[in-house]
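In what follows, a structure is listed as structure tokens, so that the remarks can point back to it.
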Amino acid sequence: MKHVISTQLEESQNHCRQSFSVRYRPATFSRPAGLGWLRKSRQTMKSRLPRGAWLVMALGAMGLTAFSAQAAKPVALAVVEKVQNAPVTWYSGTVRSQQEARLSMETTGRLTRLVEFGQTVKQGQVMAEVNADALALELKIAKVAAKRAQAVVSHQETELVRLDKLATRRNISETEQATARHELSISRIALENARLEVDLIEEKLARTRLVAPFDGTVNDVFKSGGEYVNQGEALIHLVNTRLQEIRLQVPIAVTEKLTTGTALKVVAGDQPLTASLNTKSAGADLRSRLIEMRLHPENASLTVGQPVRIAIPGQFAEDSVLVPRDAVISQAGGTALFVASKGDDDKTTVREVPVNVLYSLDGKVAVKGEIGIGKQVVVRGASGLTDGQQVEVMSGS
Numbered sequence: 002m003k004h005v006i007s008t009q010l011e012e013s014q015n016h017c018r019q020s021f022s023v024r025y026r027p028a029t030f031s032r033p034a035g036l037g038w039l040r041k042s043r044q045t046m047k048s049r050l051p052r053g054a055w056l057v058m059a060l061g062a063m064g065l066t067a068f069s070a071q072a073a074k075p076v077a078l079a080v081v082e083k084v085q086n087a088p089v090t091w092y093s094g095t096v097r098s099q100q101e102a103r104l105s106m107e108t109t110g111r112l113t114r115l116v117e118f119g120q121t122v123k124q125g126q127v128m129a130e131v132n133a134d135a136l137a138l139e140l141k142i143a144k145v146a147a148k149r150a151q152a153v154v155s156h157q158e159t160e161l162v163r164l165d166k167l168a169t170r171r172n173i174s175e176t177e178q179a180t181a182r183h184e185l186s187i188s189r190i191a192l193e194n195a196r197l198e199v200d201l202i203e204e205k206l207a208r209t210r211l212v213a214p215f216d217g218t219v220n221d222v223f224k225s226g227g228e229y230v231n232q233g234e235a236l237i238h239l240v241n242t243r244l245q246e247i248r249l250q251v252p253i254a255v256t257e258k259l260t261t262g263t264a265l266k267v268v269a270g271d272q273p274l275t276a277s278l279n280t281k282s283a284g285a286d287l288r289s290r291l292i293e294m295r296l297h298p299e300n301a302s303l304t305v306g307q308p309v310r311i312a313i314p315g316q317f318a319e320d321s322v323l324v325p326r327d328a329v330i331s332q333a334g335g336t337a338l339f340v341a342s343k344g345d346d347d348k349t350t351v352r353e354v355p356v357n358v359l360y361s362l363d364g365k366v367a368v369k370g371e372i373g374i375g376k377q378v379v380v381r382g383a384s385g386l387t388d389g390q391q392v393e394v395m396s397g398s
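Following this note's numbering, the numbering of the sequence shown begins with 2 at its first residue and continues without gaps.
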């Protein structure tokens, strides 16, 4: 039966082609074409065409309609991701030492000893010293005076003991005994004063030496050996390169979102590292309206004075997902994307989902809408798609 129908269709198609090629020519109208004449022409054409030709034309039209309905648009897909990083703003900072000081001499004199630039010193090590010959002589004189005062006190103590014995026998008056006690008290005061003078000169002598208050490296020396230095004049800049911190100034609104211990991303040259917020100033600068923050770098080898960049999160969006930038399309009613899903018949269709774009980050955008993490969205071929349209996933996507 199928063979007979196919044979009849082929004969009808051949007959149709011959009818169109032989019997019909382009018409030239020599009179006005009215509606009556148009109806008559249609009836004439129908009467001259075989019934098989009309059957072939109807079947061809149905085939074209079915092909257009089954055609699926090729698209590329991408997976919806969770927002891992919030948008950040980069601020400039500087690596500083937690221990650095400009040291000066506490006395005036000529420098007889001085450390060199770049020298490493330990806490308590002598870094500079001025000529202390005069103070050394003063110390000797003070010690001699203290010995003399000690001798006077010793003699008067012995004399007072003798007078006390005589007083028990009533061989001396009470006035002589009281005078001896008074002179002994004055001598003891003189001895104490002499000892204090020795301590004072020793203190001055100690100030002729400048010792390191902490372990560090000599970052600068402002005088040379043999020069005369005044009391309080800056002499050495000492820096502890092991205790480092990062200092930066940021707006007040930024610090409100940060708490002590917050980990921040830092880039020093080409070296990425992590630093935690250690402390921040209690108030903003009156001129710049900025607050100073100090960060503690973790496991980093930095140089004091080195510039760094710190990434501080700006806004934090809740219930948002991350999709490629090409997945979002602009429409008259706003922005949307197409979510692809496969049905029970293994055919992939798309569903239009309106979204709000929150921010852009590294070629992707964070959006908020009715879309879950792990879903697949159209990133290529989204233009011209309609809700519920069937698509064909391109290989490699």
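Glycine included, each C-beta is placed from N, C-alpha and C at the ideal position.
Rounded to whole angstroms, Leu197 and Lys144 show a C-alpha spacing of 10 Å. Taking C-beta atoms under 8 Å as the contact rule, Val131 and Thr108 qualify, at a distance of about 6 Å.
Here the stretch 156 to 164 does not lie against the stretch 192 to 212, with fewer than 3 beta-carbon pairs under 8 Å apart. Under DSSP, the beta-bridge partners assigned to Thr350 are Ser342, Gln391.
For Glu371, same chain residues with a beta-carbon under 7 Å away, outside a window of 5 residues either side, are Val354 in chain order. In this structure Val230 touches Leu112 by the C-beta definition: roughly 6 Å separates them, less than 8 Å. In terms of CA proximity to Asn194, Ala146 leads the group Gln232, Ala135, Ala146.
Here DSSP, grouped into helix, strand and coil, assigns Arg163 to helix.
In the DSSP secondary-structure assignment, His238 is bridged to Arg103, Asp221. When DSSP states are grouped into helix, strand and coil, Glu371 belongs to the coil group. Burial state of Ile313 is buried, judged by a 10 Å Cβ sphere holding 16 or more other Cβ atoms. Nearest Cα to Met294 within the set Gly270, Leu265, Val305: Leu265. Nearest Cα to Pro298 within the set Thr280, Val380, Ser361, Asp286: Thr280. The C-beta distance from Leu236 to Met106 rounds to 6 Å, short enough to meet the 8 Å contact threshold. When DSSP states are grouped into helix, strand and coil, Val255 belongs to the helix group. Following the DSSP letters along the chain, one finds Arg182 inside the alpha helix (DSSP H) bounded by residues 175 to 208. Counting every other CB atom within 10 Å of its CB across the protein chains shown gives Val116 a total of 16 or more, marking it as buried.
For Thr280, the enclosing beta strand (DSSP E) covers residues 272 to 281.
The continuous beta strand (DSSP E) containing Arg381 extends over residues 377 to 381.
Taking Ser188 as reference, the option from Val199, Asp165, Gln151 with the minimal CA-CA separation is Gln151. Around the beta carbon of Asn241, 16 or more other beta carbons sit within 10 angstroms, so the residue counts as buried. As a beta-bridge residue in DSSP terms, Lys365 pairs with Pro325, Leu362. Assigned with DSSP and collapsed to three states, Ser289 falls in coil, not helix or strand. Under the criterion of beta carbons closer than 8 Å, Val379 and Ala328 qualify as touching, at roughly 6 Å. Put simply, the stretch 385 to 392 touches the stretch 337 to 351. At least three CB pairs are less than 8 Å apart. Boundaries cannot be given for Arg171, as no beta strand (DSSP E) includes it and DSSP labels it neither H nor E.
In the same chain as Gly334, and ignoring 5 residues on each side of it, no C-beta atom comes closer than 6 Å to its own.
Listed as beta-bridge partners of Ile311 by DSSP are Tyr92, Val267.
Separation of the CB atoms of Gly94 and Ile311 is rounded to 5 Å, and the pair is thereby assigned contact status at 8 Å. DSSP, read as helix, strand or coil, puts Arg149 in helix.
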